[in-house]
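Written below as structure tokens is the structure these notes are about.
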Amino acid sequence: MDPKVESLLDPEDPAERSVVEGNMDVCGEILSRASAGAWTMSMMEDHVKEAEVSAEVAEALLRIWRRNEPKIREEATKQSFWGNNLKRLSWRVDVSTKSRYVEDLNEPCAIMELNMSNARDEDKTNTVKFEIDRDMLVQMNEEVNRLQELISTF
Amino acid sequence: MSRGGALLGRRALQYQITHTTNKEGFIEDPFWGASVPPEIASLPNLVEDSGRDHFRASLGLSVHHLSGKDVEEEDLEDVGQALFQGTTRALLCAIRSKAEEEKILNDLQALSLSPDVSKDFVQALSRARTRILSGPQLSGPSFPSLEDMRWRVDVTISTTSLSRVMRPTILMQWTLSDGSIETFEVSVDKLQDLRYDVAKSLQELKELENTQLFRLHGASKTKATKETSPAKRPVTSSSASPAHQTSSAERAGESSSMTAAVPDF
Numbered sequence: 001m002d003p004k005v006e007s008l009l010d011p012e013d014p015a016e017r018s019v020v021e022g023n024m025d026v027c028g029e030i031l032s033r034a035s036a037g038a039w040t041m042s043m044m045e046d047h048v049k050e051a052e053v054s055a056e057v058a059e060a061l062l063r064i065w066r067r068n069e070p071k072i073r074e075e076a077t078k079q080s081f082w083g084n085n086l087k088r089l090s091w092r093v094d095v096s097t098k099s100r101y102v103e104d105l106n107e108p109c110a111i112m113e114l115n116m117s118n119a120r121d122e123d124k125t126n127t128v129k130f131e132i133d134r135d136m137l138v139q140m141n142e143e144v145n146r147l148q149e150l151i152s153t154f
Numbered sequence: 001m002s003r004g005g006a007l008l009g010r011r012a013l014q015y016q017i018t019h020t021t022n023k024e025g026f027i028e029d030p031f032w033g034a035s036v037p038p039e040i041a042s043l044p045n046l047v048e049d050s051g052r053d054h055f056r057a058s059l060g061l062s063v064h065h066l067s068g069k070d071v072e073e074e075d076l077e078d079v080g081q082a083l084f085q086g087t088t089r090a091l092l093c094a095i096r097s098k099a100e101e102e103k104i105l106n107d108l109q110a111l112s113l114s115p116d117v118s119k120d121f122v123q124a125l126s127r128a129r130t131r132i133l134s135g136p137q138l139s140g141p142s143f144p145s146l147e148d149m150r151w152r153v154d155v156t157i158s159t160t161s162l163s164r165v166m167r168p169t170i171l172m173q174w175t176l177s178d179g180s181i182e183t184f185e186v187s188v189d190k191l192q193d194l195r196y197d198v199a200k201s202l203q204e205l206k207e208l209e210n211t212q213l214f215r216l217h218g219a220s221k222t223k224a225t226k227e228t229s230p231a232k233r234p235v236t237s238s239s240a241s242p243a244h245q246t247s248s249a250e251r252a253g254e255s256s257s258m259t260a261a262v263p264d265f
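Chains as they are written, first to last, in UniProt numbering: chain A, 1 to 154; chain B, 1 to 265.
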């Protein structure tokens, strides 16, 4: 149980705890079905009427759905993507001026850092650093723009 | 007098002349620098003794070695250690100097190498330049580079928690030069960030190439030797003032930091 909900319960009243847990299970199930089926408000009202919940719980459910439907759907969508996700891209432009063997380099290049994390486990992060020269950067720019064009036509 | 001059034997007098005059009439150092390295200085004698074929074989071995590959002991004995050291050093100096082929040809002939042998050297250098530059002798510490970028657009239709999603996502697969392959998803929102970052870094790179530093560097190939000292004075990042560093960083935005600021001359 969520610690915030836990803190609101009376520790000396075990019956209250079981009622709250039962309500939470019913609400969770109804909201999951509503999100998966993209219910409208009237559909939600119909389903709540059919469900065996108290008038207070029914009212709370309808209020939550009215106010938070986009958020709930967005959260459900997020949970549908569990691979490595690009979280952040950082870059900088360097000029190599000289090295041990080459006195006069003066080669500009970009250095990029990708931060990726697992959508389901934010602690699982992966950082990759690489350098990229101008030609590759031009190619990448073209590819990304092509992608954008493709997606905008979708 | 050059350090190599003392070791040269019968050709010592010729090697003391180490500067040539370029098209504009300015005095230039040879591609190996102001003083001739002993390994290069001994090349004419060695070629005269062992012949052009041995020189060509030695060039091949040097390219092999500088590209990071092993050289067989037997092959080394065939061409001779001294000749191998001479060609290796000459190739390294030629690449380090970034000198043009014509200049290298002139410098080698000024060293008393025959035109044919000098041409062999320049041809070998031209063919193997990229391989040598990426070899362990010349490539310094660096991050891996991006070699390949593949992508695929997926449209999610339905999932366990949503019956109808209809949302496109991009699956990226980037291959780095160290062999690692990174596969990750990019949301449509993140693609906008990626587009901005790539375009911005490319713009910065282009601006940097167009700045005075690089134009001056390009010009220095022909005119920098006008100074009284024959040695070139490279323009380095340390000559940049803090004020310029600030303006560059501001121009580049929050996510950009330029390690070498570009001064306005």
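Every residue gets a Cβ at the ideal spot worked out from N, C-alpha and C, and that includes glycine.
The model shown is predicted, which means the values in this text are computed figures rather than measured ones.
Relative to the C-alpha of B/Val79, which candidate in B/His54, B/Lys69, B/Lys119 has its C-alpha closest? Reading the second sequence from its first residue, position 79 is the one you call residue 79 of chain B. Nearest of B/His54, B/Lys69, B/Lys119 to B/Val79, Cα basis: B/His54.
Let me confirm a value: A/Asn84 is counted as buried when at least 16 other C-beta atoms fall within 10 Å, else exposed. Which label applies? Taking the first sequence and counting its residues from 1, the one referred to as residue 84 of chain A is at position 84. Looking at its Cβ environment, which holds 16 or more other Cβ atoms inside 10 Å, A/Asn84 is buried.
From the DSSP output, read off the bridge partner residues of A/Ala110. Against the first sequence, residue 110 of chain A aligns to sequence position 110. In DSSP, A/Ala110 forms a bridge with A/Val93, A/Ile132.
Chain B within 8 Å of A/Val140, Cβ atoms only: Looking up residue 140 of chain A in the first sequence gives position 140. The sequence shown places Met at residue 140 of chain A, not Val. Closer than 8 Å: yes.
Taking three-plus beta-carbon pairs below 8 Å as touching, is the segment 145-158 of chain B in contact with the segment 130-142 of chain A? yes
Tell me the DSSP bridge mates of B/Gln123? Reading the second sequence from its first residue, position 123 is the one you call residue 123 of chain B. None; B/Gln123 has no bridge partner.
Comparing alpha-carbon positions, which option in B/Thr159, B/Trp32, B/Trp151, B/Ser180 lies nearest B/Ala94? Within the second sequence, numbered from 1, the residue matching residue 94 of chain B stands at position 94. Looking at the Cα atoms, B/Trp32 is the closest of the given residues.
Tell me the rounded alpha-carbon separation between B/Ala34 and B/Glu182. Reading the second sequence from its first residue, position 34 is the one you call residue 34 of chain B. Reading the second sequence from its first residue, position 182 is the one you call residue 182 of chain B. Going from the Cα of B/Ala34 to the Cα of B/Glu182 covers about 47 Å.
What three-state label does DSSP hand B/Leu202 in the structure shown? Within the second sequence, numbered from 1, the residue matching residue 202 of chain B stands at position 202. Here B/Leu202 sits in helix by DSSP.
Beta-carbon of B/Ala249 versus every beta-carbon of chain A: anything under 8 Å? Within the second sequence, the letter at position 249 stands for residue 249 of chain B. With a pLDDT of 36 at B/Ala249, under the threshold of 50, the predicted position of this residue should be treated as unreliable, though the coordinate-derived value follows. Taking Cβ atoms only, chain A never reaches closer than 8 Å to B/Ala249, which makes this a no.
Relative to the alpha-carbon of residue 266 of chain B, which residue among B/Asn106, B/Tyr196, B/Leu83 has its alpha-carbon at the smallest distance? Residue numbering for chain B in the displayed model covers 1 to 265; residue 266 of chain B lies beyond these limits and cannot be assessed.
If you count every other CB in all the chains shown that lies within 10 Å of the CB of A/Met41, and 16 or more means buried, which is it? Taking the first residue of the first sequence as 1, we reach residue 41 of chain A at position 41. The residue is exposed, with fewer than 16 neighbouring Cβ atoms inside 10 Å.
Strictly below 9 Å CB to CB, what residues from chain B border A/Lys129? If you number the first sequence from 1, residue 129 of chain A lands on position 129. Here the neighbours are Phe143, Pro144.
If you measure from the beta carbon of A/Asn85 to each beta carbon in chain B, is any gap under 8 Å? Residue 85 of chain A sits at position 85 when you count from the first residue of the first sequence. True, the Cβ-Cβ gap to chain B drops below 8 Å.
Against chain A: residues of the segment 91-117 of chain B by CB proximity under 9 Å: Leu92, Ile95, Arg96, Ser97, Lys98
Fully enclosed by the segment 30-70 of chain B, which alpha helix (DSSP H) runs are 4 residues long or longer? 38-41, 43-50, 52-66
For B/Leu146, report the span of its beta strand (DSSP E) as first-last. The residue given as residue 146 of chain B occupies position 146 in the second sequence. Start and end: 146-156.
Check whether the Cβ atoms of B/Ala90 and B/Leu43 lie closer than 8 Å to each other. Within the second sequence, numbered from 1, the residue matching residue 90 of chain B stands at position 90. Within the second sequence, numbered from 1, the residue matching residue 43 of chain B stands at position 43. Closer than 8 Å, so yes.
On the DSSP bridge assignment, give the partners of B/Gln173 in chain order. By one-based count along the second sequence, residue 173 of chain B stands at place 173. DSSP lists B/Arg150, B/Thr183 as partners of B/Gln173.
Have a look at A/Leu150 and B/Leu191 and give me their C-alpha separation to the nearest angstrom. Residue numbering aside, residue 150 of chain A sits at position 150 when the first sequence is read from its first letter. Residue numbering aside, residue 191 of chain B sits at position 191 when the second sequence is read from its first letter. C-alpha separation (whole angstroms): 12 Å.
Chain-ordered chain A contacts of B/Ala41 [CB-CB under 8 Å]: Here the question's residue 41 of chain B lines up with position 41 in the second sequence. The premise fails here: B/Ala41 is roughly 20 Å from chain A at the closest Cβ pair, so nothing lies under 8 Å.
Option nearest B/Leu194 by Cα separation, candidates A/Ala110, A/Ser152, A/Thr153, A/Asn145: Here residue 194 of chain B corresponds to residue number 194 of the second sequence, with the count starting at 1. Closest by alpha carbon: A/Asn145.
Taking only beta-carbon atoms, is B/Thr130 less than 8 Å away from chain A? What you label residue 130 of chain B is simply residue 130 of the second sequence in a count that begins at 1. Cβ-Cβ to chain A under 8 Å: no for B/Thr130.
Interface residues of chain B around A/Thr77 at Cβ under 7 Å? Start at 1 with the first residue of the first sequence, and residue 77 of chain A comes out as number 77. Neighbours of A/Thr77 on chain B, chain order: Leu162, Val165, Arg167.
Look at the Cβ atom of A/His47, then the Cβ atom of A/Ile72, and state whether they are nearer than 8 Å. By one-based count along the first sequence, residue 47 of chain A stands at place 47. By one-based count along the first sequence, residue 72 of chain A stands at place 72. Going by C-beta atoms, A/His47 is not nearer than 8 Å to A/Ile72.
Residues of chain A with CB under 9 Å from B/Ala199, in chain order? On the second sequence, residue 199 of chain B is found 199 positions in, with the first residue counted as 1. Residues of chain A passing the Cβ test: Asn141, Val144, Asn145.
Is it true that the CB of A/Leu137 sits closer than 8 Å to the CB of B/Leu208? Here residue 208 of chain B refers to the residue found at position 208 when the second sequence is read from its first residue. Here residue 137 of chain A refers to the residue found at position 137 when the first sequence is read from its first residue. The answer is no: Cβ separation not under 8 Å.
Per DSSP, cross-strand counterpart(s) of A/Asn85: Looking up residue 85 of chain A in the first sequence gives position 85. Partner(s): A/Ser117, B/Glu185.
So, is the C-beta of B/Val47 closer than 8 Å to a C-beta in chain A? Counting from one through the second sequence, the residue named residue 47 of chain B turns up at place 47. It does not; no Cβ of chain A falls within 8 Å.
What are the partner residues of B/Arg167, as DSSP defines its beta bridges? Stepping through the second sequence from its first residue, residue 167 of chain B is reached at position 167. For B/Arg167, which the question treats as bridged, DSSP gives the partners B/Thr156.
Between the CA atoms of B/Gly60 and B/Ala124 - distance to the nearest angstrom: Residue numbering aside, residue 124 of chain B sits at position 124 when the second sequence is read from its first letter. Residue numbering aside, residue 60 of chain B sits at position 60 when the second sequence is read from its first letter. Straight-line Cα distance between these residues: approximately 8 Å.
Straight-line CA distance for B/Glu185 to B/Thr156? Sequence index remark: in the second sequence, residue 185 of chain B carries index 185 (1-based). Sequence index remark: in the second sequence, residue 156 of chain B carries index 156 (1-based). Spanning the two alpha carbons is a distance of roughly 12 Å.
Assuming A/Asn141 and B/Val198 make a contact with CB atoms under 8 Å, what is their CB distance in whole Å? Residue 141 of chain A sits at position 141 when you count from the first residue of the first sequence. Residue 198 of chain B sits at position 198 when you count from the first residue of the second sequence. That belief holds up - the Cβ atoms of A/Asn141 and B/Val198 are roughly 5 Å apart, short of 8 Å.
Does any residue of chain A have a CB that is nearer than 8 Å to the CB of B/Asp193? The count along the second sequence starts at 1 and reaches residue 193 of chain B at position 193. With 8 Å as the cut-off, B/Asp193 counts as an interface residue toward chain A.
Chain A partners of B/Val186, CB-CB under 8 Å? One-based indexing of the second sequence puts residue 186 of chain B at position 186. Residues of chain A passing the Cβ test: Asn85, Leu86.
For A/Asp123 and B/Gly86, what's the separation of their Cα atoms in angstroms? On the first sequence, residue 123 of chain A is found 123 positions in, with the first residue counted as 1. On the second sequence, residue 86 of chain B is found 86 positions in, with the first residue counted as 1. Answer to the nearest angstrom: the Cα atoms are 56 Å apart.
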